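Convert by adding 28 to the 1-based position in the sequence shown; the result is the number in my numbering.
Every residue gets a Cβ at the ideal spot worked out from N, C-alpha and C, and that includes glycine.
Predicted, not measured: the structure shown is a model, and the values here were computed from it.
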Amino acid sequence: MPQLPQQKLLLSLLTLYSLGWQTVVATETAKETEPPAKAAVTGETKTAVPSTADSVDLQKLQADLKSYQAAAEQGEAEAQYRLAQIYFEGKGVTQNFTEVVKWLSAAAKQGHVLAQLGLGLRYIKGDGVKSDQAQAAAWFKKAAAQGNADAQYNLGLMYSHGGGVEKNLTTAAQLYRQAADQGQRYAQGNLGLMYYQGEGVKQDFKEAAKWFRQAAEKGLDEAQYNLAVLYLKGEGVPKDLAEAEKWFRQAAAQGHALTIQTLQQLVNLKTQRAPANLVELPAEDSEDNSATSPPKVEPAKTTE
Numbered sequence: 029m030p031q032l033p034q035q036k037l038l039l040s041l042l043t044l045y046s047l048g049w050q051t052v053v054a055t056e057t058a059k060e061t062e063p064p065a066k067a068a069v070t071g072e073t074k075t076a077v078p079s080t081a082d083s084v085d086l087q088k089l090q091a092d093l094k095s096y097q098a099a100a101e102q103g104e105a106e107a108q109y110r111l112a113q114i115y116f117e118g119k120g121v122t123q124n125f126t127e128v129v130k131w132l133s134a135a136a137k138q139g140h141v142l143a144q145l146g147l148g149l150r151y152i153k154g155d156g157v158k159s160d161q162a163q164a165a166a167w168f169k170k171a172a173a174q175g176n177a178d179a180q181y182n183l184g185l186m187y188s189h190g191g192g193v194e195k196n197l198t199t200a201a202q203l204y205r206q207a208a209d210q211g212q213r214y215a216q217g218n219l220g221l222m223y224y225q226g227e228g229v230k231q232d233f234k235e236a237a238k239w240f241r242q243a244a245e246k247g248l249d250e251a252q253y254n255l256a257v258l259y260l261k262g263e264g265v266p267k268d269l270a271e272a273e274k275w276f277r278q279a280a281a282q283g284h285a286l287t288i289q290t291l292q293q294l295v296n297l298k299t300q301r302a303p304a305n306l307v308e309l310p311a312e313d314s315e316d317n318s319a320t321s322p323p324k325v326e327p328a329k330t331t332e
């Protein structure tokens with residue numbers, strides 16, 4: 029009897045909420061806003077063109093810059109972090125990643141958790157500093173040790189694939205769990221995937237469903253899709269066609285292409301009154317949206 033393959037969860041972000049004030053760097057699966065244009069690693073700068081709204085606050089930004097500059101030079105970690113923010117955003121000042129790294133480093137060395145997280149990202153992306161995954165992992169570890177959920181997720185992802193650290197799925201699962209317990213939805217999604225696959229943890233479909241549900245309720249479309257599949261197959265939850273359709277529809281509403289195809293098949297299935305397990309997805313959809321069985325965590329993407 030044909031089986032319904034599982035959609036792999038494409039959680040390959042090493043850049044989640046990396047500086048607190050920075051939006052998530054977008055990938056094929058991260059439906060978020062791109063950060064400001066970055067300068068070259070050589071230290072090349074890019075002047076941001078302020079909008080009308082930005083211009084209104086230009087004087088305040090320039091005043092903030094002067095104030096933070098003075099405090100940062102006196103060694104105040106928060107001021108150093110805020111100064112890095114100003115240079116990153118390029119508002120009221122020429123965007124300069126060399127300055128971003130300089131001030132993030134100063135704050136991070138004093139234990140500023142968001143600066144540590146942001147500096148880890150700069151080493152991943154090679155913005156203002158030579159790309160170095162080992163250095164990125166080292167800074168993520170410091171932020172994770174302070175309980176930062178995004179750093180815990182990022183570090184877990186690196187342990188999942190051996191990026192900058194020796195691959196260790198047990199450690200990855202532990203870090204995902206720490207972040208997931210704090211509500212980090214990507215960590216919840218990947219933890220569900222590890223429970224489904226039995227990687228780093230004992231295989232447990234009920235736990236997989238639990239974590240997929242928590243991520244799905246926070247709007248993660250891949251988790252919504254995976255939860256729908258569990259309801260369709262009755263793995264970890266009672267088989268329930270209505271619940272499967274509900275979660276497929278929520279993922280489809282976000283434009284999840286594979287879910288849209290599956291939902292149409294599900295509608296056809298209901299019309300034909302055929303058994304749910306006859307629904308079958310295409311073997312391949314695209315490089316980043318393929319149907320595989322079992323699901324698999326994608327390798328980390330460390331470039332934009």
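{"Item": "So what does DSSP say about Gln180, is it helix, strand or coil?", "Value": "helix"}
{"Item": "Under a Cβ-count criterion, where at least 16 other Cβ atoms within 10 Å of its own Cβ denotes burial, should Leu86 be classed as buried or exposed?", "Value": "exposed"}
{"Item": "How is the alpha helix (DSSP H) around Asn218 delimited, first residue to last?", "Value": "213 to 225"}
{"Item": "Measure the alpha-carbon distance for Gly103 versus Gly191 and round it to whole angstroms.", "Value": "33 angstroms"}
{"Item": "Give me the Cβ distance between Gln242 and Ala207, rounded to the nearest whole Å; I'm assuming they're in contact under 8 angstroms.", "Value": "Contact doesn't hold; Cβ gap of about 12 angstroms is too wide."}
{"Item": "In whole angstroms, what is the alpha-carbon distance linking Leu203 and Lys88?", "Value": "40 angstroms"}
{"Item": "Using the Cβ count rule (16 or more neighbours within 10 Å means buried), how would you classify Asn124?", "Value": "buried"}
{"Item": "Relative to the C-alpha of Val193, which residue among Glu235, Tyr214, Ala98, Phe168 is closest?", "Value": "Phe168"}
{"Item": "Compare the C-alpha of Gly156 against each of Tyr109, Leu291, Ser133 and name the closest.", "Value": "Ser133"}
{"Item": "Can you list, in chain order, the residues of its chain with a C-beta nearer than 6 angstroms to that of Asp268? Leave out the 5 residues immediately preceding and following it.", "Value": "Tyr259"}
{"Item": "Tell me whether Asn296 is buried or exposed, calling it buried when 16 or more other Cβ atoms sit within 10 Å of its Cβ.", "Value": "exposed"}
{"Item": "Excluding five sequence neighbours on each side, which residues of the same chain lie with their C-beta closer than 8 angstroms to the C-beta of Ala201?", "Value": "Gly184, Leu219, Met222, Glu227, Gly228, Val229"}
{"Item": "In terms of alpha-carbon separation, which member of Ile114, His189, Tyr109, Lys246 lies closest to Gln90?", "Value": "Ile114"}
{"Item": "Look at Ala256 and Lys274 and say whether their C-beta atoms are less than 9 angstroms apart.", "Value": "yes"}
{"Item": "With a threshold of 16 other CB atoms inside 10 Å of the CB of Ala173, please say whether the residue is buried or exposed.", "Value": "exposed"}
{"Item": "DSSP three-state label for Gln123, please.", "Value": "strand"}
{"Item": "Can you tell me where the alpha helix (DSSP H) holding Gln12 begins and where it ends?", "Value": "The chain is shown only over 29 to 332; residue 12 falls outside these bounds and no answer can be derived."}
{"Item": "Measuring alpha carbon to alpha carbon, tell me which of Glu235, Tyr214, Tyr96, Ala215 ends up nearest Leu335.", "Value": "There is no way to answer for residue 335, as the model of the chain reaches only from 29 to 332."}
{"Item": "Suppose you measure from the CA of Ser159 to the CA of Val265; what does that come to, to the nearest Å?", "Value": "44 angstroms"}
{"Item": "Quick check: the Cα distance between Met186 and Thr126, rounded to an integer number of angstroms?", "Value": "25 angstroms"}
{"Item": "What's the gap between the Cα of Ala280 and the Cα of Gly118?", "Value": "36 angstroms"}
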